[in-house]
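Below is one structure, written out as structure tokens; comments come after it.
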Amino acid sequence: MTTWSQFTEEAPSIAALFLRRHQATGNLCLLGTVRADGSPRISPIEPMIFEDMLVLAGMPNTRKFDDLARDPRFCLHTATVDTKVAEGDAKLFGTVTDEHDEAVHARFAQKLFDDSGFDIRDEKFDHFYIADLTGASTVEVDDDHLDITVWKPGAGETVVRKH
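Residue numbers (the numbering used here): 263 to 425.
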């Protein structure tokens with residue numbers, strides 16, 4: 263499994279752009295999953311980096327988590343509202359593992375409470391998905407060109423420039 267620190271070591275510019283866009287949108291991202299009929303689903307989510315893991319947790323009994331239970335593949339996209347993509351854009355790809363360790367859940371809930379005041383410390387998680395990143399990319403627009411940075415585990419970042 264690719265930890266968050268491994269990802270940031272191998273793909274520092276992609277990780278930095280993802281974090282910058284993630285913070286700029288109040289932690290909102292769009293999660294792409296595969297529905298039961300094979301069609302795609304896009305859902306809002308607020309992923310969190312916690313103890314060197316990218317955590318995809320949220321409200322219980324949602325279709326996006328049903329999708330991940332059935333098919334663990336996902337795409338996580340920073341929410342973009344600017345058609346010129348002036349601030350850049352990032353996508354993370356991978357699969358999830360459902361972490362069942364209640365001690366991890368408790369620490370996560372405490373951190374969420376400490377950071378935001380949102381209190382789920384006494385609640386049980388239906389799913390607590392940890393991302394295993396298998397790829398990532400960013401798009402950045404500069405005056406006369408478009409830079410697409412791509413990462414695969416163990417391969418570092420590759421930049422493709424389009425004019």
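A virtual CB, placed ideally from N, CA and C, is assigned to each residue, including glycine. Only a predicted model underlies this, so the values are computations on that prediction, with no experimental measurement involved.
{"Check": "In the DSSP assignment, what residue or residues form a beta bridge with M321?", "Outcome": "According to DSSP, M321 bridges with nothing at all."}
{"Check": "Which residues does DSSP pair with K414 in a beta bridge?", "Outcome": "G418"}
{"Check": "DSSP puts G397 in a beta bridge; with which residues?", "Outcome": "F355"}
{"Check": "Residue range of the beta strand (DSSP E) that V296 falls in?", "Outcome": "C291 to V296"}
{"Check": "Ordered along the chain, which non-local residues of its own chain (more than five positions away) have a Cβ less than 8 Å from that of H407?", "Outcome": "R423, K424 and H425"}
{"Check": "Using the Cα positions of D363 and D381, report the straight-line distance between them to the nearest angstrom.", "Outcome": "19 Å"}
{"Check": "By the DSSP assignment, the beta strand (DSSP E) with T340 in it spans what residues?", "Outcome": "R335 to T340"}
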